[in-house]
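In order, the protein sequence lines correspond to chains L and P. So for the first sequence, our numbering puts the first residue at 54; every next one is plus one. So for the second sequence, our numbering puts the first residue at 54; every next one is plus one. Written below as structure tokens is the structure these notes are about.
There are 2 protein chains.
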Amino acid sequence: MSPTLDDVYAAAERIGPYIHRTPVFTSAAIDELVGAHVIFKCENLQKIGAFKIRGASNAVLSLSEYAVQSGVATHSSGNHAAALAQAARWRGIKATVVMPENAPAVKVAAVRGYGARVELCKPTLQARESTLASIVSETNASVVHPYNDVRVIAGQGTVALEMLEQATLDAIIVPVGGGGLLSGIALTTKPLKSGTLVYGAEPENVDDAYRSLQSGKLMPAPNATSIADGLLTALGDITFPIIRRDVAGIMTVSEVDIIAAMRLIWERLKLLVEPSAAVPLAALMVNSAQFAGKQVGIVLSGGNVDLDNLPW
Amino acid sequence: MSPTLDDVYAAAERIGPYIHRTPVFTSAAIDELVGAHVIFKCENLQKIGAFKIRGASNAVLSLSEYAVQSGVATHSSGNHAAALAQAARWRGIKATVVMPENAPAVKVAAVRGYGARVELCKPTLQARESTLASIVSETNASVVHPYNDVRVIAGQGTVALEMLEQATLDAIIVPVGGGGLLSGIALTTKPLKSGTLVYGAEPENVDDAYRSLQSGKLMPAPNATSIADGLLTALGDITFPIIRRDVAGIMTVSEVDIIAAMRLIWERLKLLVEPSAAVPLAALMVNSAQFAGKQVGIVLSGGNVDLDNLPW
């Protein structure tokens with residue numbers, strides 16, 4: 054039930070013709086500020102503006118010819134929705150996505166722009182799941198979960214394959230919401246580079262991954278809010294065991310730290326990143342002593358930010 | 054008195070160890086929107102966040118050992134100031150820059166951050182020139198003009214050397230203020246690729262280049278204002294003859310067009326650009342029929358934008 058390094062290699066081959074091999078950026082000013090050499094993996098420059106296209110396209114391209122006739126469906130706060138819509142368009146099949154009615158307008162518009170049907174629902178996990186269930190019973194669509202899915206996790210793991218080729222890293226810090234990206238990167242990195250430690254970073258307000266690792270059991274944070282709207286979800290029963298096994302630790306950061314890191318990335322790298330993508334740099338800045346002098350990889354997970362609602 | 058292609062090659066060799074060979078970006082969504090294949094040259098990712106470091110560093114590195122002892126000085130609305138400060142730091146000499154008191158705070162802070170002395174003055178060309186004259190008489194510093202200087206023009210021309218290696222181009226559209234970048238790119242492109250036409254783009258509000266080319270003589274627009282604050286200057290007596298000789302035309306765009314193009318670049322390329330850098334894409338969008346199906350190079354001239362004063 055857990056994806057392996059071979060699954061990640063297979064995903065890389067499957068999705069390679071569709072996705073970008075994203076560049077890495079560096080900044081002398083940021084290096085000086087944090088006292089480490091920071092390598093930013095620019096998944097904000099990925100297709101659909103986020104890493105999510107990797108997992109979604111791996112799942113859609115893995116479906117049988119029979120299954121795809123009924124299309125695909127999912128619920129998502131945004132980037133996975135756009136990713137599934139784009140992946141479905143590539144394969145020429147139908148996609149339906151359930152989105153919370155408070156999702157950023159730019160993300161809802163993007164999903165519709167990729168040709169998917171959008172169903173808005175109340176912004177609770179329960180409403181999302183019940184709306185999705187009724188769509189599936191109506192259409193028989195294949196569900197592609199945003200993170201708790203072995204095909205999705207294997208697809209996200211391809212980020213690590215590229216990073217480990219692009220730089221020598223002592224550590225990689227990854228934003229963690231549902232844990233698809235973090236588990237994919239961790240399960241890829243550990244067998245390939247045992248000396249490269251993988252850390253998760255999440256908002257203090259939504260510290261379910263931190264508390265779940267502390268307690269050894271899933272501890273959702275149901276009604277939490279954060280400016281990092283991509284990280285409001287909780288770990289799943291597939292991502293959690295991988296994270297327990299392969300992740301070196303989880304760091305939490307305040308909302309103020311997230312906004313400061315986001316602004317620093319905008320001003321110094323000249324790159325738009327969404328708040329969720331700034332969480333790892335915020336964690337590095339708060340824990341800079343731990344990483345002094347190290348080569349640290351940071352995953353800039355996405356760049357789909359609503360320019361009419363900036364936090365400064 | 055006019056720089057040549059050989060001067061541009063010499064500049065490339067001189068500044069190569071200090072500056073970035075910046076990447077080019079493309080966007081399928083923007084291509085579809087404008088009906089051309091657009092290649093964006095990312096000088097917003099250049100050192101100091103703008104192409105200006107090319108010309109400034111070429112000038113500073115060209116100075117004699119005797120001359121540098123008195124340092125360098127200039128006046129600039131922003132990016133040239135930061136560029137001269139950075140170039141002076143690389144060479145280990147003093148720099149003094151005269152800046153208008155309404156220059157964006159982020160640009161003034163950047164100049165001081167590079168170790169230069171900043172003298173603020175009234176935001177008129179006259180005040181800038183008289184303040185600079187008094188500094189020069191006091192310090193005997195070498196003046197590095199922001200654009201009307203053969204060493205600066207040759208340095209800016211290195212942008213074209215890179216672009217012509219990075220892509221096959223039917224046209225290049227360049228923002229024009231004082232004309233240092235436009236003249237440098239035009240004098241480099243014409244002898245290397247006679248089939249690649251070079252165009253200038255400027256705000257309607259500050260259409261001195263357009264009117265000067267129409268009339269055949271310098272026509273400054275003294276009190277003009279535009280959101281494209283880097284383009285408020287007028288052509289000089291060195292840049293103008295080159296532009297008359299080597300540029301295919303000047304296009305003008307409205308403030309609304311500039312803001313729309315800037316936002317499109319932010320949303321689609323995930324790149325921060327300053328308003329001046331969005332003027333060429335605005336010109337392409339307004340004149341899309343003329344460039345239909347062509348390979349069009351766009352110079353994203355800089356990314357130093359004040360995040361507290363965005364135009365939306």
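Here a beta-carbon is modelled for each residue, glycine too, at the ideal position from N, C-alpha and C. If you're wondering where the values come from, they're calculated on a predicted model, not measured in any experiment.
Among the options, the one whose alpha carbon lies nearest that of residue i
{"i": "L:A186", "options": "L:H128, L:F344 and L:K175", "result": "L:H128"}
{"i": "L:S307", "options": "L:A335, L:R264 and L:L214", "result": "L:A335"}
{"i": "P:A89", "options": "P:A134, P:I72, P:A287 and P:V349", "result": "P:V349"}
{"i": "P:K175", "options": "P:S117, P:S329 and P:M152", "result": "P:M152"}
{"i": "L:V229", "options": "L:L217, L:P76 and L:V300", "result": "L:V300"}
{"i": "P:A126", "options": "P:P199, P:L217 and P:A330", "result": "P:P199"}
{"i": "L:R204", "options": "L:S115, L:N97 and L:V77", "result": "L:S115"}
{"i": "L:K147", "options": "L:A194, L:G248, L:E257 and L:L173", "result": "L:A194"}
{"i": "L:V121", "options": "L:A136, L:H73 and L:V197", "result": "L:V197"}
{"i": "L:P256", "options": "L:L217, L:S265 and L:L284", "result": "L:L284"}
{"i": "P:S247", "options": "P:Y167, P:A314, P:A274 and P:A213", "result": "P:A213"}
{"i": "L:K100", "options": "P:V326, P:I226, P:E118 and P:A81", "result": "P:A81"}
{"i": "P:A63", "options": "P:L271, P:S110 and P:A134", "result": "P:S110"}
{"i": "P:K323", "options": "L:A342, L:M338, L:L271 and L:S354", "result": "L:S354"}
{"i": "P:L245", "options": "P:S55, P:V61 and P:G108", "result": "P:V61"}
{"i": "L:R144", "options": "L:L58, L:S55 and L:Y167", "result": "L:Y167"}
{"i": "L:Q139", "options": "L:N155, L:A163, L:P157 and L:Y119", "result": "L:A163"}
{"i": "P:F93", "options": "P:Y252, P:A331 and P:N201", "result": "P:A331"}
{"i": "P:L250", "options": "P:R264, P:A274, P:S329 and P:G302", "result": "P:G302"}
{"i": "P:T79", "options": "P:V352, P:N357 and P:E191", "result": "P:V352"}
{"i": "L:R142", "options": "L:K160, L:A158 and L:R170", "result": "L:R170"}
{"i": "L:L178", "options": "L:I188, L:A224, L:S130 and L:A239", "result": "L:S130"}
{"i": "L:I311", "options": "L:V339, L:G289 and L:F293", "result": "L:V339"}
{"i": "L:P333", "options": "L:G253, L:V150, L:T211 and L:W365", "result": "L:G253"}
{"i": "P:A135", "options": "P:N276, P:R107 and P:Q267", "result": "P:R107"}
{"i": "P:T192", "options": "P:R181, P:K243 and P:V150", "result": "P:V150"}
{"i": "P:E85", "options": "P:Y71, P:A345, P:L58 and P:L325", "result": "P:A345"}
{"i": "L:A277", "options": "L:M54, L:D260 and L:V326", "result": "L:D260"}
Contact list for residue i against chain P, beta-carbon separation under 9 Å
{"i": "L:L86", "result": "Result: empty, since nearest Cβ-Cβ is about 12 Å, beyond 9 Å."}
Cross-chain neighbours of residue i in chain L, by beta carbon under 9 Å
{"i": "P:W365", "result": "L360 and D361"}
{"i": "P:R316", "result": "L360"}
{"i": "P:R172", "result": "Per the sequence shown, residue 172 of chain P should be read as Glu rather than Arg. Residues of chain L passing the Cβ test: none, with the nearest at roughly 25 Å."}
{"i": "P:E255", "result": "Under the 9 Å cutoff, chain L gives no residues; its nearest Cβ is about 23 Å from P:E255."}
Contacts that residue i makes with chain P (C-beta to C-beta distance below 7 Å)
{"i": "L:K323", "result": "N97, L98, G102, L324, L325 and G356"}
Chain-ordered neighbours of residue i on chain P, where CB pairs are closer than 8 Å
{"i": "L:E215", "result": "Going along chain P, no residue has its Cβ under 8 Å from L:E215, so there is no contact; the nearest lies around 16 Å."}
{"i": "L:E66", "result": "By Cβ distance, chain P contributes nothing, its closest Cβ being about 23 Å from L:E66, past 8 Å."}
According to DSSP, residues forming a beta bridge with residue i
{"i": "P:K94", "result": "P:V77 and P:V352"}
{"i": "P:I303", "result": "P:G253"}
{"i": "P:A89", "result": "Per DSSP, none; premise fails for P:A89."}
{"i": "P:P228", "result": "P:A254"}
{"i": "L:V125", "result": "L:A148 and L:S195"}
{"i": "P:A103", "result": "P:G355"}
{"i": "P:L324", "result": "L:L324"}
Listed by chain order, chain B residues near residue i by CB distance under 7 Å
{"i": "L:E308", "result": "Of the protein chains in the structure, L and P, none is chain B."}
Neighbouring residues, chain L, relative to residue i (Cβ below 8 Å)
{"i": "P:E218", "result": "Those do not exist, as P:E218 stays about 18 Å from chain L at its closest Cβ, beyond 8 Å."}
{"i": "P:E191", "result": "Correct list: empty, because the minimum Cβ distance to chain L is about 32 Å."}
{"i": "P:E118", "result": "In chain order: nothing, as chain L lies at least about 27 Å away."}
{"i": "P:E182", "result": "The contacting residues do not exist; P:E182 stays about 31 Å from chain L at best."}
inquiry  = Beta carbons nearer than 9 Å to chain L: which residues of the stretch 133 to 146 of chain P have them?
reply    = none
Could you tell me which uninterrupted alpha helix (DSSP H) segments, each at least 4 residues in length, are contained entirely in the stretch 128 to 195 of chain L, listed from first to last along the chain?
132 to 144, 158 to 166 and 178 to 192
Contained alpha helix (DSSP H) runs [length at least 4] in the stretch 256 to 300 of chain L, N- to C-terminal order:
261 to 268 and 292 to 299
- Task: Check distances from the C-beta atoms of the stretch 154 to 168 of chain P to those of chain L and list, in chain order, the residues that come in under 7 Å.
- Result: none
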